[in-house]
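Below: the structure, in structure tokens.
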Amino acid sequence: MLQRTRNGRVKTVLVAGGAGFVGSHLCDALLARGDRVICVDSYITGSEDNVRPLINHPKFRLIEKDICHLKSLNETVDQIYNLACAASPPQYQADPVHTMMTCVAGTGNLLSLAEQYHASFLQASTSEVYGDPVEHPQTEDYRGNVNCTGPRACYDEGKRAAEALCFDMLRAGRADARIARIFNTYGPRMQPSDGRIISNLLVQTLSGAPLTIYGSGNQTRSFCFVSDLVAGLMALMDVDPNPGVPVNLGNPGEFTINQLVNLVMSIVPSTSTIVHKPLPQDDPQRRRPDISRAKELLGWQPMIPLAEGLRLTADWFTASIRPDGRFDSSKAQRRSRLPPRSKAGRTSLDACQQRTAP
0 MLQRTRNGRV
10 KTVLVAGGAG
20 FVGSHLCDAL
30 LARGDRVICV
40 DSYITGSEDN
50 VRPLINHPKF
60 RLIEKDICHL
70 KSLNETVDQI
80 YNLACAASPP
90 QYQADPVHTM
100 MTCVAGTGNL
110 LSLAEQYHAS
120 FLQASTSEVY
130 GDPVEHPQTE
140 DYRGNVNCTG
150 PRACYDEGKR
160 AAEALCFDML
170 RAGRADARIA
180 RIFNTYGPRM
190 QPSDGRIISN
200 LLVQTLSGAP
210 LTIYGSGNQT
220 RSFCFVSDLV
230 AGLMALMDVD
240 PNPGVPVNLG
250 NPGEFTINQL
260 VNLVMSIVPS
270 TSTIVHKPLP
280 QDDPQRRRPD
290 ISRAKELLGW
300 QPMIPLAEGL
310 RLTADWFTAS
320 IRPDGRFDSS
330 KAQRRSRLPP
340 RSKAGRTSLD
350 ACQQRTAP
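Numbering (numbering that gives the first Met the number 0), first residue to last: 0 to 357.
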């Protein structure tokens with residue numbers, strides 16, 4: 000069914016960071032429901048391979064540009080999603096000044112466009128705004144425990160500043176801004192070299208390299224499959240009225256890194272050994288979202304259990320391997336279609352997720 004505005008027009012949606020891992024899946028979903036999509040990406044961390052199948056789509060337009068320099072468009076837009084920022088520690092720490100400027104100046108540019116075109120705006124924030132939390136699980140009211148001068152601050156504090164800017168614009172009546180606090184997300188089209196735990200483990204397992212665990216492996220994370228996240232982002236953008244508060248989007252199933260390693264090795268049999276390395280500075284010990292607000296306001300909760308999502312992701316990584324053992328994501332694009340979400344809406348979290356003891 001076509002998604003239309005109040006006056007009957009098909010929506011035009013700008014997706015900043017649309018050639019990235021999450022952004023490209025969002026572009027797919029928006030086009031599938033009939034929207035026109037303008038994808039803006041600098042290709043700093045995004046990949047043309049992710050959107051190559053969309054290039055000839057009549058409702059898809061690609062603009063190669065950094066949002067730090069995006070001051071104008073030549074057409075009206077109805078919605079703006081801001082997913083434009085490096086999101087893994089090796090990537091955002093590679094150029095921390097640019098990361099901070101993307102979060103602040105880039106978000107400011109997109110908010111100005113939202114104000115100009117009276118477009119709804121969704122900021123992809125992050126669970127990193129909670130830092131190394133002392134509250135568990137994390138609700139949206141928790142204000143965080145963040146090192147504002149550490150090596151992760153460019154991202155953690157950049158995203159916090161972007162949230163503040165969004166809410167200033169919302170309170171001033173200048174932009175219909177919404178905030179999604181995204182927890183760890185995984186799935187097809189993850190960059191093999193992005194340094195995230197799931198991509199690291201899959202690359203190491205498939206190549207027979209030692210599996211790297213930082214610290215003891217008893218630290219916990221919660222992992223949300225990308226199709227679930229995209230559904231949550233779209234639900235938050237489309238809900239009326241604007242909730243006016245941040246909304247956690249993530250899977251509340253909590254796993255230790257050791258449990259994740261064992262699950263990956265059960266899905267992709269490997270002779271890889273395990274090596275332990277020191278835990279990076281300011282790395283959170285526990286991370287799990289409280290998604291009560293998303294359930295109440297959006298009617299949303301994740302549906303894909305970790306084991307199923309890992310199999311789909313492992314299939315994509317396997318299809319990406321070239322004869323020389325290196326990864327080529329273009330080889331796997333035909334496999335990157337995700338399972339549809341059930342129209343019934345939900346599956347039982349208790350049946351498909353494992354939690355560690357508090």
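Every residue gets a Cβ at the ideal spot worked out from N, C-alpha and C, and that includes glycine.
Rounded straight-line distance, which links the Cα of residue j to that of residue i
| i | j | result |
| --- | --- | --- |
| Ile402 | Leu309 | With the chain running from 0 to 357 in the structure shown, residue 402 is simply not present. |
| Leu121 | Cys84 | 14 Å |
| Phe224 | Val244 | 24 Å |
| Ala363 | Thr211 | Any question about residue 363 goes unanswered here, given that the chain covers just 0 to 357. |
| Arg333 | Ala18 | Low local confidence applies: a pLDDT of 47 at Arg333 is under 50, so the model's placement there is unreliable, with the coordinate-based value given in what follows. C-alpha separation (whole angstroms): 16 Å. |
| Pro283 | Asp289 | 16 Å |
| Lys10 | Asp77 | 6 Å |
| Phe222 | Gln258 | 12 Å |
| Glu127 | Ile79 | 22 Å |
| Asp314 | Met302 | 19 Å |
| Leu232 | Pro95 | 26 Å |
| Val359 | Ala86 | In the structure as shown, the chain begins at 0 and stops at 357. Residue 359 is therefore absent and cannot be evaluated. |
| Val238 | Ala171 | 20 Å |
| Ala350 | Gly186 | Caution applies to Ala350, whose pLDDT of 28 falls short of 50 and renders its modelled position unreliable; the value that the coordinates give is listed next. If you take the alpha carbons of Ala350 and Gly186, they lie about 21 Å apart. |
| Asn250 | His56 | 32 Å |
| Thr98 | Pro150 | 12 Å |
| Leu13 | Pro191 | 26 Å |
| Arg8 | Val145 | 44 Å |
| Leu278 | Gly22 | 29 Å |
| Thr148 | Asp281 | 11 Å |
| Asp175 | Ser124 | 16 Å |
| Asn73 | Leu29 | 20 Å |
| Trp299 | Ser111 | 29 Å |
| Ile54 | Asp40 | 14 Å |
| Arg354 | Leu69 | Note that Arg354 scores 30 on pLDDT, short of 50, meaning its location in the model is unreliable; the coordinates nonetheless yield the value given after this. Using only the alpha carbons, I get a separation of about 43 Å. |
| Gly214 | Ile197 | 16 Å |
| Arg188 | Ile43 | 15 Å |
| Cys26 | Leu228 | 13 Å |
| Asp327 | Glu139 | 38 Å |
Boundaries of the alpha helix (DSSP H) in which residue i is found, first to last residue
| i | result |
| --- | --- |
| Ile266 | Ile256 to Ile266 |
| Arg170 | Ala152 to Arg170 |
| His24 | Phe20 to Ala31 |
| Leu309 | Leu305 to Ala318 |
| Val103 | No alpha helix (DSSP H) holds Val103; DSSP gives it neither H nor E. |
| Ser413 | Outside the shown range of the chain (0 to 357) lies residue 413, about which nothing can therefore be said. |
Enclosing beta strand (DSSP E) for residue i [first to last residue]
| i | result |
| --- | --- |
| Arg180 | Asp175 to Ile181 |
| Thr11 | Thr11 to Ala15 |
| Val246 | Val246 to Leu248 |
| Val238 | Note, Val238: premise wrong, no beta strand (DSSP E); not H, not E. |
For residue i, three-class secondary structure by DSSP
| i | result |
| --- | --- |
| Ser124 | strand |
| Tyr129 | helix |
| Leu210 | strand |
| Ile359 | The question about residue 359 has no answer, for the chain in this structure spans 0 to 357. |
| Val96 | helix |
| Arg60 | strand |
| Thr184 | strand |
| Leu72 | coil |
| Thr138 | coil |
| Asn108 | helix |
| Ile43 | coil |
| Pro88 | helix |
| Arg8 | coil |
| Cys147 | coil |
| Arg334 | Any reading at Arg334 must be qualified, since the residue scores a pLDDT of 45, below 50, and its modelled position is unreliable; the value itself is stated next. In this structure, Arg334 counts as helix in the three-state DSSP scheme. |
| Asn81 | strand |
| Arg286 | coil |
| Ile273 | strand |
| Ile66 | helix |
| Glu35 | Correcting the residue type first, residue 35 is Arg in the shown sequence and not Glu. Note: Arg35 maps to strand in three-state DSSP. |
| Ser384 | Residue 384 is absent from the structure shown; the chain starts at 0 and stops at 357. |
| Arg345 | Confidence in Arg345 is poor, its pLDDT being 34 and thus under 50, which makes the residue's placement unreliable; the coordinate value appears in the next sentence. In this structure, Arg345 counts as coil in the three-state DSSP scheme. |
CB-CB length for residue i against residue j, believed under 8 Å
| i | j | result |
| --- | --- | --- |
| Gln137 | Arg287 | 7 Å |
| Val267 | Leu201 | 7 Å |
| Lys158 | Cys102 | 6 Å |
| Pro242 | Leu305 | Not quite, the Cβ-Cβ distance comes to about 28 Å (not below 8 Å), so this is no contact. |
| Gln218 | Ile181 | Wrong, their Cβ atoms sit about 19 Å apart, outside the cutoff. |
| Arg177 | Leu235 | 5 Å |
heavy atom of the ligand COA below 7 Å from residue i C-beta
| i | result |
| --- | --- |
| Gly186 | This structure does not include the ligand COA; it has no bound ligands of any sort. |
Cβ contact check for the segment 141-160 and the segment 90-105: 3 or more pairs under 8 Å | Touching, yes, given that three or more Cβ pairs across the two stretches are closer than 8 Å.
Indicate whether the contact test is met: 3 or more Cβ pairs, each with one atom in the segment 18-32 and one in the segment 45-53, closer than 8 Å.
-> yes
With contact counted as at least three CB pairs below 8 Å, one residue from each stretch, are the segment 95-108 and the segment 155-174 in contact?
-> Yes, since at least three Cβ pairs between the segment 95-108 and the segment 155-174 fall closer than 8 Å, the two stretches touch.
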